[in-house]
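Visitor: Chains as they are written, first to last, in the working numbering: chain A, 1 to 267; chain B, 1 to 375. By construction, the Cβ of each residue, glycine as well, lies at the ideal position given by its N, Cα and C atoms. Here the structure is a predicted model, which means the values were calculated and not measured. The structure follows.
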Amino acid sequence: MKLYVKAISSFSGDIDAKALKGELKTKYSLDTRRQDSFIHLAVYGAQLLKDKTEISPLDELFITSGVGNIDVLQRTNKYVCEEKDFIKPFDFINMLGNTTSYYVSVSLGLRDKNIFEISNRFTYINTLISVFTSLNSSKKDAILGAIDLATNPKEVIKRVLGVDEEVDVTSSVNYQKLSLKSKDAIGEIEFDMKFYTYDEILSVVENAQCKVITSMRCTKLKNNNTGAYFETIPSSFVNQALQNKTDIIYIDCFEERYKFVKVSAFR
Amino acid sequence: MHSVYILDYKVKTSQGDTKQTLKAIKDTDIDISYKEVSTLNESVKIPYYLFEEKSSESVSAIKKIIKDIVIQIAKTLSDEQKADTVLFVGTSLVDTHLVEAVESTVYDYKKKPYTSAKKSIDSFACEISDELGLHPYTMTISTACTSSMNALLEAKNLIGSGVVKHAIVIGVEVFSQMMSDGFSSMKLLSGSIQKPFDISRDGLVLGEAVAGVLLGSDTSEWSLLGGYSNCNSLNITSVSPQGDEYAEVINRAMELCNVKTDDITAIKAHATSTLTNDLSEINAIKKVFSPDVVFTTLKPYVGHTLGACGVLELAMLISCIDDGFIPKTINHEKSIIDEYVPLLNHKPCEDGTFMLNYFGFGGNNTSVLVKKEIR
Numbered sequence: 001m002k003l004y005v006k007a008i009s010s011f012s013g014d015i016d017a018k019a020l021k022g023e024l025k026t027k028y029s030l031d032t033r034r035q036d037s038f039i040h041l042a043v044y045g046a047q048l049l050k051d052k053t054e055i056s057p058l059d060e061l062f063i064t065s066g067v068g069n070i071d072v073l074q075r076t077n078k079y080v081c082e083e084k085d086f087i088k089p090f091d092f093i094n095m096l097g098n099t100t101s102y103y104v105s106v107s108l109g110l111r112d113k114n115i116f117e118i119s120n121r122f123t124y125i126n127t128l129i130s131v132f133t134s135l136n137s138s139k140k141d142a143i144l145g146a147i148d149l150a151t152n153p154k155e156v157i158k159r160v161l162g163v164d165e166e167v168d169v170t171s172s173v174n175y176q177k178l179s180l181k182s183k184d185a186i187g188e189i190e191f192d193m194k195f196y197t198y199d200e201i202l203s204v205v206e207n208a209q210c211k212v213i214t215s216m217r218c219t220k221l222k223n224n225n226t227g228a229y230f231e232t233i234p235s236s237f238v239n240q241a242l243q244n245k246t247d248i249i250y251i252d253c254f255e256e257r258y259k260f261v262k263v264s265a266f267r
Numbered sequence: 001m002h003s004v005y006i007l008d009y010k011v012k013t014s015q016g017d018t019k020q021t022l023k024a025i026k027d028t029d030i031d032i033s034y035k036e037v038s039t040l041n042e043s044v045k046i047p048y049y050l051f052e053e054k055s056s057e058s059v060s061a062i063k064k065i066i067k068d069i070v071i072q073i074a075k076t077l078s079d080e081q082k083a084d085t086v087l088f089v090g091t092s093l094v095d096t097h098l099v100e101a102v103e104s105t106v107y108d109y110k111k112k113p114y115t116s117a118k119k120s121i122d123s124f125a126c127e128i129s130d131e132l133g134l135h136p137y138t139m140t141i142s143t144a145c146t147s148s149m150n151a152l153l154e155a156k157n158l159i160g161s162g163v164v165k166h167a168i169v170i171g172v173e174v175f176s177q178m179m180s181d182g183f184s185s186m187k188l189l190s191g192s193i194q195k196p197f198d199i200s201r202d203g204l205v206l207g208e209a210v211a212g213v214l215l216g217s218d219t220s221e222w223s224l225l226g227g228y229s230n231c232n233s234l235n236i237t238s239v240s241p242q243g244d245e246y247a248e249v250i251n252r253a254m255e256l257c258n259v260k261t262d263d264i265t266a267i268k269a270h271a272t273s274t275l276t277n278d279l280s281e282i283n284a285i286k287k288v289f290s291p292d293v294v295f296t297t298l299k300p301y302v303g304h305t306l307g308a309c310g311v312l313e314l315a316m317l318i319s320c321i322d323d324g325f326i327p328k329t330i331n332h333e334k335s336i337i338d339e340y341v342p343l344l345n346h347k348p349c350e351d352g353t354f355m356l357n358y359f360g361f362g363g364n365n366t367s368v369l370v371k372k373e374i375r
């Protein structure tokens, strides 16, 4: 399976929630009320993409994440379950996964397909498969957003990411505009349905004609990815490769199963 | 694109298993329970369609009810077929794993030693898929009330593209205090019964359910023609009263499936029995169909099962048609629009083309068409 990339946007790092909200209000004139940091991060990344490419109202939207909107869950859990306060209607609504994709959709002027989905292992790569088969049917273009928010204390998200306590985690948002057509593409991403064994992935590494980057989960492979972790990190490496006009293979691992994406940047 | 067929279905509702739920619909013999929800000033008892045995929001309990249905559906598949079967889940459940992580970290009195394992709302699908020898690709879709129907359309794309041979699509929703309180805070819950499209409707009644369908490229009497899903609304919780957004998704679904209004045997409406949704929906039906259109609703039998209602109501409709009738709409006395009255008596029917509509919070609207041809 192959998807062409028309445009990308990325933003990573420990976010300043107030500054991000302010940027959305002042730079993009967006209404930020009744939303939270996870939604703001998702919308901000979408606006960075909009700055770089034309968005059609009929582009399909796919949003994925490692665990979803941790911000609203953490906050609501505290005042509802611990302080026995009454749930606020907009916190309740923001707990639904597609609330984030709704606000992204509105901010981009989209009015077509809009899916919020999570796959426990390889959420970004599995969502690429979803996007590919959807475009195969609809013949449209798609926007794929991958969002992860690290709230304070970071221990909460670390507990569900399967990482050691000392691993640093961070927030990140990465978007790609994807198409089955190569016109105006800046690169391509290849992937497949197969889950590879260690021996099979070793063969991929040995035969690679480009730089190979491995997830920190690939403990049996040489790990050359030392930055702060977030679940949709492959999406970030895809964007970095396309930005730097380099070709890469990114390998991820989950319980002894491997998957990879091959990124070719057009020069 | 390959054609995609519905090969099997199973449900578990407040009325029982697939057969018991069918009997409850056929005999209009419906059981409703009650639950406490919070309002601004007090706790009140509201009607709620609950499983016969008490359910729990715990990770293990949710996994068990999903797994039981997947086992029932997967038992017709050989080991080789299972290895080429992906598992999709549609739900609006709060991620219990994340709740556990929050509580183990943030509150001193609940503090637990640090442990970490990759978990998410898709962990249920992921673990069950491994335990039953299914393909390791799993996906959980969360688009409010359209969740499991959107999961069904995504699964159709995978099979249609020839990527896999089979998909099991599950819709699941169990009682959640947070979700119930949330609906209560929005004043969307009825204190009595759901009255779809009725002028005296006063809200929805929530329900627990798990349902699953098996999709595949092997032919069967039921084919999944396709559908259309979009995000288009007036605001995050509703569309325009005129129902233009719903009409758009209905028209587009028919266009994509090469189906005309006259081809449609009956419509399964979303019909939450809330003031705004039912008004928009019946106006949309009026915009697209003539007054003689057959339309019906299923939520008064099992409640509004949120993310599960997509697959659940599809399975319920198929079950009724396979038994020879289109189920009537209960609890309806006077329609919002006089000329457009939902089906008030079970109608004999063995085959045809059926439209199923789902409209949710977050602007997600989905319309799907299925067809039964007796071979």
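Determine whether the beta carbon atoms of residue 189/A and residue 209/A lie at a separation below 9 Å.
Guide: no
Visitor: Could you name each continuous beta strand (DSSP E) segment of 3 residues or more that falls completely within the segment 154-238 of chain A, going from the start of the chain to the end?
Guide: Within the segment 154-238 of chain A, the runs of beta strand (DSSP E) that reach at least 3 residues and sit entirely inside it are, in chain order, 172-179, 187-190, 211-214.
Visitor: Would you mind telling me which residues of chain A sit closer than 9 Å to residue 379/B, beta carbon to beta carbon, in chain order?
Guide: Only positions 1 to 375 of chain B appear in this structure, which leaves residue 379/B out of reach.
Visitor: Anything in chain B within Cβ reach of residue 163/A, meaning under 8 Å, just list it in chain order.
Guide: 116
Visitor: By the three-class DSSP mapping on this structure, what secondary structure does residue 103/A have?
Guide: If DSSP states are grouped into helix, strand and coil, residue 103/A belongs with the helices.
Visitor: DSSP beta-bridge partners for residue 230/B?
Guide: Paired residue(s): 365/B.
Visitor: Residue ranges of each alpha helix (DSSP H) run of no fewer than 4 residues wholly in the segment 30-91 of chain B, ordered along the chain?
Guide: 59-74, 79-82
Visitor: Does the pairing of the segment 99-114 of chain A with the segment 363-371 of chain B give three or more beta-carbon distances under 8 Å?
Guide: yes
Visitor: Would you say residue 125/A and residue 252/A are within 9 Å of each other, going by their C-beta atoms?
Guide: yes
Visitor: Residues of chain A with a CB under 9 Å from the CB of residue 311/B: which are they?
Guide: By Cβ distance, chain A contributes nothing, its closest Cβ being about 16 Å from residue 311/B, past 9 Å.
Visitor: DSSP puts residue 248/A in a beta bridge; with which residues?
Guide: Paired residue(s): 211/A, 263/A.
Visitor: How is the beta strand (DSSP E) around residue 166/B delimited, first residue to last?
Guide: 166-173
Visitor: On a CA-only basis, which of 116/B, 139/B, 128/B, 118/B is nearest residue 127/A? Give me that one, please.
Guide: 139/B
Visitor: The alpha helix (DSSP H) spanning residue 321/B covers which residue range?
Guide: 309-322
Visitor: Nearest by alpha-carbon distance to residue 121/B: which of 129/B, 97/B, 60/B, 257/B is it?
Guide: 97/B
Visitor: I'd like the span of the beta strand (DSSP E) that includes residue 288/B, first residue to last.
Guide: For residue 288/B, there is no enclosing beta strand (DSSP E); the enclosing alpha helix (DSSP H) covers residues 275-288.
Visitor: Indicate whether residue 69/A and residue 231/B have their beta-carbon atoms separated by less than 9 Å.
Guide: The answer is no: Cβ separation not under 9 Å.
Visitor: Tell me which residue opens and which closes the beta strand (DSSP E) that residue 60/A is part of.
Guide: Per DSSP, the unbroken beta strand (DSSP E) holding residue 60/A starts and ends at 60-65.
Visitor: Does residue 267/A come within less than 9 Å of chain B when only Cβ atoms are used?
Guide: no
Visitor: Can you tell me the Cα-Cα spacing of residue 129/B and residue 84/B, whole angstroms?
Guide: 11 Å
Visitor: Could you pull the DSSP bridge partners for residue 140/B from this structure?
Guide: The partner list for residue 140/B (beta bridge, DSSP) reads 118/A, 89/B.
Visitor: If I follow the unbroken alpha helix (DSSP H) through residue 131/A, where does it start and stop?
Guide: 123-138
Visitor: Going straight from the alpha carbon of residue 240/A to that of residue 263/A, what length do you get?
Guide: 10 Å
Visitor: Within the 9 Å Cβ cut-off, does residue 359/B reach chain A?
Guide: no
Visitor: When you check each C-beta in the segment 225-243 of chain B against every C-beta of chain A, which residues fall closer than 9 Å?
Guide: 226, 228, 229, 230, 231, 232, 233, 236, 237
Visitor: Within the 9 Å Cβ cut-off, does residue 149/B reach chain A?
Guide: no
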